[in-house]
Amino acid sequence: MSLFESKRRGEMAPASKWLVYTLLFLWTLVVLFPLYWVLITSFKLPGQVGDGPDYLPFIDYRPSLHAWKYIFVDLGSDTFRPYLNSVIIASISTVLAMTVGSMAAYALARLHFRPRLLSIGLFLGAFALVIWLVAQAGVAWPIALSAGIAVFVIAVPVFARVRSPRLGNGDILFWVISQRILPPVVAALPIYIMFQQLGILDTHLAIILTYTTVNMPIVVWLMFDFFVSIPNDIEESAELDGASKLRIFIEMVLPLARPGLIATGLLVLILSWNEYLLALFLSTAKAQTIPLLVAAQNATRGPQWWYMSVLILIMILPVVSLTVLLQRFISKGLLLGAVKG
Amino acid sequence: MNRERLDHWIDHNSGRLFILPAVLLILSFSLFPLIISGWLALSRFKITADGFTLSFIGELNFKKLLTGSQEFHFLGTRAAIDPIGWLLLVLVLGLLAWASWRFVAGERFNLLGLIGRLIAFPLFGALAWNFATTLGESARLGSVSTTLFYVIVGVSIQFVLGTALAFLCAQNIKGRTFFRLVFFIPLMVTPVGIAYTFRMLADMSVGPFSPLWKVLGLGEFSWAADPWTARLVVVLGDSWQWIPFIFIIMLAAFESQSRDELEAAELDGAGPLQIFRDITWPSVAPVAATVVLIRVIEAFKIVDLPNVLTNGGPGIATESLTLHSFIEWRALNLGGSAAVAYSLLFISTIACVSFFQLVVLPMRRARER
Amino acid sequence: MTGRSLIATTLAVGLALAGNATAQEFDGVTVNVMTFTGPQIAEPLQRRGAEFAEATGATINVVTVPFSDLYQKLLTDWISGTNSIDAGVFAPQWMVDYVTPGLLEDLSERVAADEALASDDIAPFFREFSQKFNDKTYMLTVDGDFHMVYYRSDVAEELGLEAPKTWDDYLAFAAAAHGKDLNGDDEADYGSCIAKKRNAQSYWMITSIASAYIQSQGTSQGAFFSTDDMAPLYDNEGFAKALGVYGATGEYAPSDEINLDVGDTRSLFTSGRCALTLDWGDIGTLAIDAENSSVVDKVGAVILPGSARVLDRESGTLVDCDATTCPHAIDGINHAPFAAFGGWSGGVNSKADDKVKDAAYAFFSYVSQPAQSNADVTVGATGFNPYRLSQFESRDAWVEAGMSEAAADNYLGAIQASLNSPNMVLDLRIPQNQRYQQIVLDTAIARFLAGELDIPATMEAINEGWSEVTEELGMDEQLEAYRATIGAE
């Protein structure tokens, strides 16, 4: 039997199978080699790094624990604090983003919103009024905010009878998702000012709120199609039985959507855990996160490769462990997500 | 009694209540910053005895970027267009012309689409022309073109490799779970960490590949000193991190093809190419389009890699728009920084929305047919 | 007495002399100090902070950010009223942007009452320039900064060369040493290693080279702008020559020099791979670190090379040095040592609590006091370079740290020559100087080194960029500030 013919229908020829395995194995090397290099560098002394590449511990060079000791013992609380901050911020912001995003996605999937373009215009007008009051007229922002809300609340019923085109679910969905296009660097300073006025700069709360907002569009995107693909017979019958929408959502829909929730949650967790730019802008001393610590290892003495390697490793570890535990849901969940269109 | 009425009111308005937190968050954190940032882009920051002042200067910051002293930084240094530049320019302009004709002559002609295209197509043409004129030997790319390079070349590489890997993995092989897990790992490393890792790996003298470089005679070559190799290394690092993302999603798409259809087609004696064209591609195309869109949206914002790998060098060769804005920010040139950031927002919004309207939606519609 | 109780006692005595009351006075007070990521500067602050905490009960939190973000982070934190940082250790040249809006605490009275600080021992240059602004003291110096050229004395001997006196000598030295094996590992090494990385700490290097051509009439002539009309001085034959030299050094350098930061070049030099380098005082102390250095006792330091031809400002061309054009010339060569950066100094947030301010001041005073400072400046890893007269006069501490007497004489002599030079160049200290140097100059030089711009285009870019910033911020104000800082009348 030739190598290039399959033995059975539906099976590949042995040659093709070998080819596939080889290519996949090659890519596995590409993925794992950099991480391996990081691992062995974390056990190298500064002199050893400068001398040239050493590939195998114990054979090419004697591994040393000095970098690990420095990070965990010498720096001690200076490592622990950012690590704890990262854990708190990433987990809370993920939970919040999932909550707010799933609720919004569910609403968009099940109900029909038809906001009037005119109302939106009125809202923007009130918004502009508030900003003008604060910036030009020097009014204190709480007063300006109340004035703006009052104007809006009054104006809507007044204009209730004026005809205006309406937007649909698709438009709202698109608007939510398009928030992701906003580069963080555009929003960084205004958010900084906003938090500074509220007095919550350099706190966990500030970064949690920011991450929640930044990641929520992804949740909406991925969960929307997920909810759409779940048939709503069960929900309808439950509603006829008198259950409130909230109860239906929590007790019936969410369990059905668990794979999608876990996959999306994992993705959002990774994004929050690894984020650098906004954390740099919004934190100074107390709310420093781990990516900042990694970036800061580029000192005037040259990049401290060994310390950096340790930090990278302890950053990856929890995420990898979590992924291994939940790996069944990754592909399945994302499959049924927005990508199906 | 009141409790019941409250419950009823909540239930009746549950839809709006469900969506309210999301809308509020977006309004506070996106709309407000958008307006403030826009205003910043039109003003100048100055430190004074009372603190600081922000004085309104109109479009001067933008003028500086487009025609003034920062033009070299933003748009690049122009020179004669070389053959590659001509090729790219002709390609893009041809594509735009074809898309315009299809729209005008097609059945979906409408006002909104016309307005959208009237904004988007000239912008693309201008970006392509800018890229072509700054590509030559004696010319230099600006941060706009560098960002476009990262987006287009980077996402293309990531898509091709990611889909190829997914295709391989979707074959009838063992260990798919293992590969899925391992290939997912790069996504979990923080971009700053990836940047440093790749700097270590790419080091010509003490990196792991240095023996290889020496054998190839490249021992004295520095990738960081040549603009194109520096950009390439940035793209490599970016691809290493994001190929897993495309891989995971495309793998799921390949796996979700209807088995029955596939088997039926094979029984009918259809060749692999035909199967791919008639069954696989229509099912997978919308997914591919969406995943590319997601990647493009994120790619426009690239900053950590060029910042750490080369600090934006050599010269300004690897500076993306976000990095450009960030560097201006460091010296507290708030107006200039906001102007660059707003330009990035403008370009990426039009590009992403266009991609969505012109590529993603048609593919979804085609699948439904 | 054990070492630690000795320190505690010294501290208690020091604090008592400073009139800052006794130990445990700052019990429960937390001071957040921000500086850039170490180990340079940050490590000694952390170490001394722990000692200070033990003696006084205060908690010193050292918060670090990457160097290129330090200016912006500190200023934003203070000017926006957030005030989560109580004190910072940063560049005196940035002082102008912090003092103008009233963000820095005036320390004049405290310094006057502080005997333990030994203010008279601080070299006059640092005391008057780095610590003061408009005659008031706002910062406490903990580190002295001067650019110097370091050379391998063993290589010089072998090749029969002398320490470079002019930049042409420097290039000749580099050319002669380039390609030879300088550290015995059978690999070709480099003639010159200079940190040229963008967005790092490289933008002072070009000024070190250019000043020799541009300033010859003394410090108040200024080396950046004309004192008459704020016209940039980086667009003439003198600067063109300097750019030529700077570019030429790249021929004898590692191929990725354009991506090397000071940390990288220091490693290269101390592992013996470079014959020459241009750097702050750190090399002197790093070289004697027996554990990490391969060039112990093989390093010489020399005042910044000069030039035999200087700029005639009216004609914009180079003219030969003589008694009128170069009144401060040494052996017919004009030297213009550059006090790059000014020396890390500590400043206190004026809006912090009084107790916190007191604690912060006491901490900085402690770090700067001779007992601590004289020990720290001999250790390369601290990043602290000498700035006190006692550190120059006595060789004991240096010899104890591992320098040979000859090396100490050579190293300290070079710094002293720089300090005492009447033609010293002061770093730019006008409002928003970051925009001039970190943005315009750094970018233009990076593009020059990358081959994007030739010499005329580079000069034009700097000239245009600087003039634009001056115009935006107000020419009169900038000119006044410039003249005030260099003492031009």
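Residue numbers (numbering that gives the first Met the number 0), protein chains in the order written: chain C, 0 to 340; chain U, 0 to 368; chain S, 0 to 488. Virtual Cβ for every residue (Gly too), placed ideally from N, Cα, C.
I need the boundaries of the beta strand (DSSP E) containing residue i, first residue and last residue.
i	result
S/A300	V298 to V301
S/Y189	Y189 to C192
S/N31	T29 to F35
S/S344	S344 to V347
U/L134	It is not in any beta strand (DSSP E) - U/L134 carries neither H nor E in the DSSP assignment.
U/S54	G50 to F55
S/D319	T316 to D319
Relative to the C-alpha of residue i, which residue among the options is closest?
i	options	result
U/F31	C/L181, C/F79 and C/T78	C/L181
S/I461	S/L388, S/G27 and S/A230	S/A230
C/L83	C/I171, C/L292 and C/W305	C/L292
C/V129	C/F173, C/W140 and C/S320	C/W140
C/V175	U/S353, U/P226 and U/I25	U/I25
S/D260	S/Y212, S/Q477, S/A445 and S/A358	S/A445
C/Q135	U/E262, U/L53 and U/L266	U/L53
S/L440	S/S417, S/L452, S/G464 and S/A211	S/G464
S/L158	S/D142, S/G190, S/E186 and S/D185	S/G190
S/D352	S/N82, S/F35 and S/D278	S/N82
U/R230	U/L292, U/E70 and U/R139	U/R139
U/F220	U/L261, U/T162 and U/D202	U/D202
U/N332	S/D184, S/L74 and S/Q23	S/L74
U/Q356	U/W239, U/A224, U/A287 and U/G115	U/G115
Going by beta-carbon coordinates alone, are residue i and residue j separated by less than 8 Å?
i	j	result
U/S319	U/S155	no
C/P252	C/F223	This sequence places Val at residue 252 of chain C; Pro is not what is there. Going by C-beta atoms, C/V252 is not nearer than 8 Å to C/F223.
S/I193	S/T269	no
S/A115	S/S293	no
C/R115	C/R160	no
U/V295	U/A350	yes
U/M200	U/G192	The sequence given here places Leu at residue 200 of chain U; Met does not occur at that position. Their beta carbons are not under 8 Å apart, which means U/L200 does not touch U/G192 by this criterion.
S/V62	S/I40	no
U/I248	S/P100	no
S/G143	S/P385	yes
Taking 7 Å as the cut-off, is the C-beta of residue i nearer than that to any heavy atom in the ligand FAD?
i	result
U/I184	With respect to the ligand FAD, the structure shown offers nothing to examine, as it has no ligands at all.
For the alpha helix (DSSP H) holding residue i, just list the boundary residues, first then last.
i	result
S/R46	A41 to T55
S/L267	V261 to T269
C/I119	L116 to A134
S/T276	Not the alpha helix (DSSP H): S/T276 falls in the beta strand (DSSP E), residues C273 to D278.
Query raised in the report: Does the region 82 to 96 of chain C come close enough to the region 208 to 220 of chain C that 3 or more CB-CB pairs lie under 8 Å?
Result: Taking 8 Å as the limit for Cβ pairs, the verdict is that the region 82 to 96 of chain C does touch the region 208 to 220 of chain C.
Report task. Could you tell me whether the region 265 to 279 of chain U touches the region 145 to 161 of chain U, where touching means 3 or more Cβ pairs closer than 8 Å? Result -> The region 265 to 279 of chain U, when compared against the region 145 to 161 of chain U, does not touch it at the 8 Å Cβ threshold.
Query raised in the report: On the three-pair Cβ rule with 8 Å, is the region 126 to 142 of chain S touching the region 462 to 471 of chain S?
Result: Touching, no.
Query raised in the report: Between the region 196 to 228 of chain C and chain S, which residues of the former have a C-beta closer than 7 Å to a C-beta of the latter?
Result: Cβ contacts with chain S: L200 and D201.
Query raised in the report: Would the region 284 to 304 of chain S and the region 391 to 407 of chain S be scored as touching if the rule is three or more Cβ pairs under 8 Å?
Result: The answer is yes - the region 391 to 407 of chain S touches the region 284 to 304 of chain S, with three or more Cβ pairs under 8 Å.
Requested in this report: Could you say if the region 130 to 140 of chain U and the region 75 to 88 of chain U meet the contact criterion of at least three C-beta pairs nearer than 8 Å?
Outcome: Inter-segment contact for the region 130 to 140 of chain U and the region 75 to 88 of chain U is present: three or more beta-carbon pairs are separated by less than 8 Å.
Requested in this report: Mind checking the region 74 to 93 of chain S against chain C and listing, in chain order, the residues whose C-beta falls within less than 8 Å of any C-beta there?
Outcome: Using a CB distance below 8 Å, the part of the region 74 to 93 of chain S facing chain C consists of T75, D76, S79, G80, T81, S83 and I84, ordered along the chain.
Query raised in the report: Do the region 298 to 316 of chain U and the region 146 to 158 of chain C touch if we need at least three Cβ pairs shorter than 8 Å?
Result: As far as the Cβ criterion goes, the region 298 to 316 of chain U does not touch the region 146 to 158 of chain C, which means the pair count is below three.
Report task. Could you run through the region 423 to 438 of chain S and flag, in chain order, every residue whose CB is less than 7 Å away from some CB of chain U? Result -> Shown in chain order are the members of the region 423 to 438 of chain S whose Cβ falls below 7 Å from a Cβ of chain U: P430, Q431, Q433, R434, Q437 and I438.
Query raised in the report: Can we say the region 238 to 245 of chain C touches the region 8 to 26 of chain U, given the rule of at least three CB pairs closer than 8 Å?
Result: Two segments are said to touch when three or more pairs of C-beta atoms, one from each, lie closer than 8 Å; by this definition the region 238 to 245 of chain C touches the region 8 to 26 of chain U.
Report task. Could you tell me whether the region 88 to 108 of chain S touches the region 57 to 72 of chain U, using the rule of 3 or more Cβ pairs below 8 Å? Result -> Segments in contact, no.
Report task. Count the C-beta pairs between the region 145 to 156 of chain S and the region 296 to 311 of chain S that are closer than 8 Å, then say yes if the count reaches three, no if not. Result -> Here the region 145 to 156 of chain S makes contact with the region 296 to 311 of chain S; the two share three or more CB pairs at distances below 8 Å.
**Report entry** At least 3 beta-carbon pairs within less than 8 Å: the region 282 to 301 of chain U vs the region 34 to 47 of chain S
**Finding:** Of all C-beta pairs linking the region 282 to 301 of chain U to the region 34 to 47 of chain S, fewer than three are shorter than 8 Å, placing the two stretches out of contact.
Requested in this report: Identify each residue in the region 185 to 204 of chain S for which the Cβ-Cβ distance to at least one residue of chain U is less than 7 Å, and report them in chain order.
Outcome: For the region 185 to 204 of chain S, the beta-carbon criterion of a distance under 7 Å to any beta-carbon of chain U is satisfied by K196, R197, N198 and A199.
Query raised in the report: Are at least three pairs of beta-carbons, each pair with one atom in the region 431 to 440 of chain S and one in the region 194 to 212 of chain S, less than 8 Å apart?
Result: Judged by Cβ distances under 8 Å, the region 431 to 440 of chain S makes contact with the region 194 to 212 of chain S, as three or more pairs qualify.
Report task. Could you tell me whether the region 167 to 187 of chain U touches the region 326 to 345 of chain U, using the rule of 3 or more Cβ pairs below 8 Å? Result -> Counting Cβ pairs under 8 Å, fewer than three are found: no touch.
Query raised in the report: Taking one C-beta from the region 396 to 403 of chain S and one from the region 133 to 147 of chain S each time, how about it: are there three or more such pairs within less than 8 Å?
Result: At 8 Å Cβ cutoff, the stretches do not touch.
Requested in this report: Select from the region 33 to 51 of chain U all residues with a C-beta closer than 8 Å to any C-beta belonging to chain S, and list them in chain order.
Outcome: Contacts with chain S (Cβ-Cβ distance below 8 Å) from the region 33 to 51 of chain U involve R43, K45, I46, T47, A48, D49, G50 and F51, listed in chain order.
Query raised in the report: How about the region 182 to 194 of chain C and the region 338 to 348 of chain U: do they share at least three Cβ pairs that are nearer than 8 Å?
Result: Judged by pairs of C-beta atoms under 8 Å, the region 182 to 194 of chain C touches the region 338 to 348 of chain U, as three or more such pairs exist.
Requested in this report: Would you check if there are 3 or more beta carbon pairs closer than 8 Å linking the region 162 to 171 of chain U to the region 18 to 26 of chain C?
Outcome: Yes: the two stretches touch, three or more of their Cβ pairs being nearer than 8 Å.
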